[in-house]
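Heads up: the structure comes next, in structure tokens.
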Amino acid sequence: MHNLLLPLLILGHVIYPASSSIQVLLTTGDKQHLLSPQPNLTWSTGQSGNILIDTTKTYQTIEGVGASFTDSAAYLMNKKLSTAQRTALLNDLFGKEGANLNMIRIPLSSSDMATADFTSDDMPQGKSDPLLEKFKLSKHHTDSIPILQQIKSIQPELSIMGTPWSAPGWMKTGNRGWWFRKGLIAGTLNDIWVEVYAKYLTKIIEAFASYGIVLDSITLQNEPAFTPWDYAGMNLTAVQEANLAISVGKALQDRSLDTKILVHDHNWDIAYRAIRVLENATAAQYIHGVAFHCYGGDVTAQSTVKSAYPDKEIYFTECSGTLSSGNFLSNLMWNVNNLVIGNIRNWGKTVMLWSLALDKKGNPNVGGCKNCRGVVTISNGKYTKNEEYYVLAHVARVARMGAYRVDSTEKYQSIRSVAFLNPDNQHGLILCNDANSAVQVSIQEGNMIFTYTMPSFSIASFYWTQASQLSENSHLIQ
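Residue numbers (mature numbering (1 follows the signal peptide of the UniProt record, and there is no 0)): -20 to -1, 1 to 458.
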């Protein structure tokens, strides 16, 4: 079969010199290329574009790319790798020559991917701590601090998000009782403790900050419309979450903390719930954005919420691969089409996956997902990069923090794209070919053009020098 020529046009006010080169990274579904640098491409003259990317129209900025630094990930890095191996792994994940990840999400209590049940103010059965006198950052967190500090030394632009799975058991009602796993299983936040819980969350933020770990944002509750029965969790209605947003917002202001508040942190198929939270006008004043997971519905739900509340930002915060679903090729294609291109084209500021690391059986876990796959697998004193690693790396290597997504128009089924303009005026471009045949693409700017042949079932990331600032008629689309 002949290769299909699909030119891409990038409109701008700059003509590249022929000597300027384009860097290329390639990953293929057959694993023949895994984030492999390709020979630099060069410009030539030419004008013919039928896929349009317009840098004068900019959308959201990119805030970060990464995964959750779960208790399980911290345990494996601390206990199952040597110091040298751990350093090598962190450089592969966060270093500029590795995946260049620049965002992590920290569970603020135990989750399913943990070695035990915990919060930072667990009390004996029948006891409470209304003044938070017994508050102390969990040992599970303090044990992970050195790794977090090492990550920050490798990736100075690191953005950190915090997410609670449960309030301390004594603050809850309808749970399975203090006698059962500290009261963290099931239930909801007792209304009488809302203000105390808001202060508790600010104390966690301040406790992390005392170690130099600044939480840039928090979601108020992981998956608030789901009640897990074998790991920490807490159901919150939209009304409850709106009220909690008000209390947490005021508590943050009282402590002069600028941590951003995100709500929902749940699936696309119940996006209406996020809208209900935002319908509380008082709560909306404190809410910076809405967070989404992939486990139900379609990514276009993000645009539905953005259309309803254009002043609120959209974050994608969780999706996990599983050991039993698909193969490297199918997982690679689904992830890049939905979690990268689909997410970012639907206003996502972040591309975040679930646990940064797990072992080959999806452990450690205390319940919940029994076959989740980490971004990397740690086993037998070694680590292996999974398909999720390469998906994240293809974004983080070409879209830095603060990059604008720029407008792109697609006309062909087998090629999907998303493009960026970085703060240093570098261009980034991600292409996905999910056809079983190679496709030749041609990327044009001004009167200069370069071509590249996309192998079947492949992702390619391109990065080249931007020679001018955004033009005066550029604008951020709301």
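The C-beta atom is built at its ideal place from N, Cα and C for all residues, glycine as well.
Buried versus exposed, by CB contacts within 10 Å (16 or more), residue i
{"i": "residue 235", "result": "exposed"}
{"i": "residue 313", "result": "buried"}
{"i": "residue 324", "result": "buried"}
{"i": "residue 129", "result": "exposed"}
{"i": "residue 440", "result": "buried"}
{"i": "residue 414", "result": "buried"}
{"i": "residue 140", "result": "buried"}
{"i": "residue 87", "result": "buried"}
{"i": "residue 154", "result": "exposed"}
{"i": "residue 333", "result": "buried"}
{"i": "residue 322", "result": "buried"}
{"i": "residue 370", "result": "buried"}
{"i": "residue 211", "result": "buried"}
{"i": "residue 227", "result": "buried"}
{"i": "residue 10", "result": "exposed"}
{"i": "residue 92", "result": "buried"}
{"i": "residue 111", "result": "exposed"}
{"i": "residue 162", "result": "buried"}
{"i": "residue 204", "result": "buried"}
Contacting residues, own chain, Cβ-Cβ under 6 Å from residue i (five flanking each side not counted)
{"i": "residue 103", "result": "109 and 150"}
{"i": "residue 199", "result": "143, 242, 245 and 271"}
{"i": "residue 16", "result": "6"}
{"i": "residue 388", "result": "33, 397 and 399"}
{"i": "residue 257", "result": "218, 221, 222 and 243"}
{"i": "residue 18", "result": "4 and 6"}
{"i": "residue 25", "result": "427"}
Identity of the residue in the options nearest residue i by Cα
{"i": "residue 45", "options": "320, 344, 366 and 173", "result": "320"}
{"i": "residue 248", "options": "276, 238 and 263", "result": "276"}
{"i": "residue 317", "options": "134, 163 and 410", "result": "410"}
{"i": "residue 101", "options": "77, 225, 180 and 360", "result": "180"}
{"i": "residue 63", "options": "395, 361 and 386", "result": "361"}
{"i": "residue 81", "options": "393, 436, 379 and 310", "result": "379"}
{"i": "residue 207", "options": "371, 348 and 36", "result": "348"}
{"i": "residue 346", "options": "370, 51 and 2", "result": "51"}
{"i": "residue 375", "options": "182, 211, 443 and 251", "result": "443"}
{"i": "residue 38", "options": "125, 386, 417 and 437", "result": "386"}
{"i": "residue 265", "options": "172, 296 and 230", "result": "230"}
{"i": "residue 2", "options": "438, 436, 432 and 437", "result": "432"}
{"i": "residue 260", "options": "305, 343, 84 and 225", "result": "225"}
{"i": "residue 335", "options": "329, 350 and 160", "result": "350"}
{"i": "residue 209", "options": "186, 301, 160 and 171", "result": "160"}
Reduced DSSP category for residue i - H, G, I as helix; E, B as strand; rest coil
{"i": "residue 340", "result": "coil"}
{"i": "residue 332", "result": "strand"}
{"i": "residue 149", "result": "helix"}
{"i": "residue 214", "result": "coil"}
{"i": "residue 226", "result": "helix"}
{"i": "residue 282", "result": "helix"}
{"i": "residue 295", "result": "strand"}
{"i": "residue 173", "result": "helix"}
{"i": "residue 414", "result": "coil"}
{"i": "residue -2", "result": "With a pLDDT of 42 at residue -2, under the threshold of 50, the modelled position of that residue is not reliable, and no figure is offered here."}
{"i": "residue 441", "result": "strand"}
{"i": "residue 386", "result": "strand"}
{"i": "residue 309", "result": "helix"}
{"i": "residue 57", "result": "helix"}
{"i": "residue 374", "result": "helix"}
{"i": "residue 18", "result": "strand"}
{"i": "residue 353", "result": "strand"}
{"i": "residue 206", "result": "coil"}
{"i": "residue 142", "result": "strand"}
{"i": "residue 399", "result": "strand"}
{"i": "residue 193", "result": "coil"}
{"i": "residue 247", "result": "strand"}
{"i": "residue 24", "result": "strand"}
{"i": "residue 345", "result": "coil"}
{"i": "residue 118", "result": "coil"}
Proximal residues to residue i (C-beta, below 8 Å), its chain only, five neighbours per side dropped
{"i": "residue 383", "result": "41, 42, 400, 401, 402, 403 and 408"}
{"i": "residue 192", "result": "129 and 132"}
{"i": "residue 120", "result": "51, 54, 90, 94, 95, 96 and 98"}
{"i": "residue 107", "result": "150"}
Test: residue i CB closer than 8 Å to a CB of chain C
{"i": "residue 280", "result": "Absence of chain C from the displayed structure is noted, only one protein chain being present."}
Near the ligand HEM: residue i beta-carbon under 7 Å from a heavy atom
{"i": "residue 423", "result": "Summarising the ligand content, the structure contains no ligands, and the ligand HEM is consequently not present."}
Beta-carbon contacts of residue i that lie in its chain and below 7 Å, excluding the five residues immediately before and after
{"i": "residue 255", "result": "285 and 288"}
{"i": "residue 278", "result": "248"}
{"i": "residue 116", "result": "100"}
{"i": "residue 66", "result": "57"}
Alpha helix (DSSP H) runs contained entirely in the segment 84 to 115, provided each spans 4 or more residues: Counting only runs of 4 or more, we get nothing.
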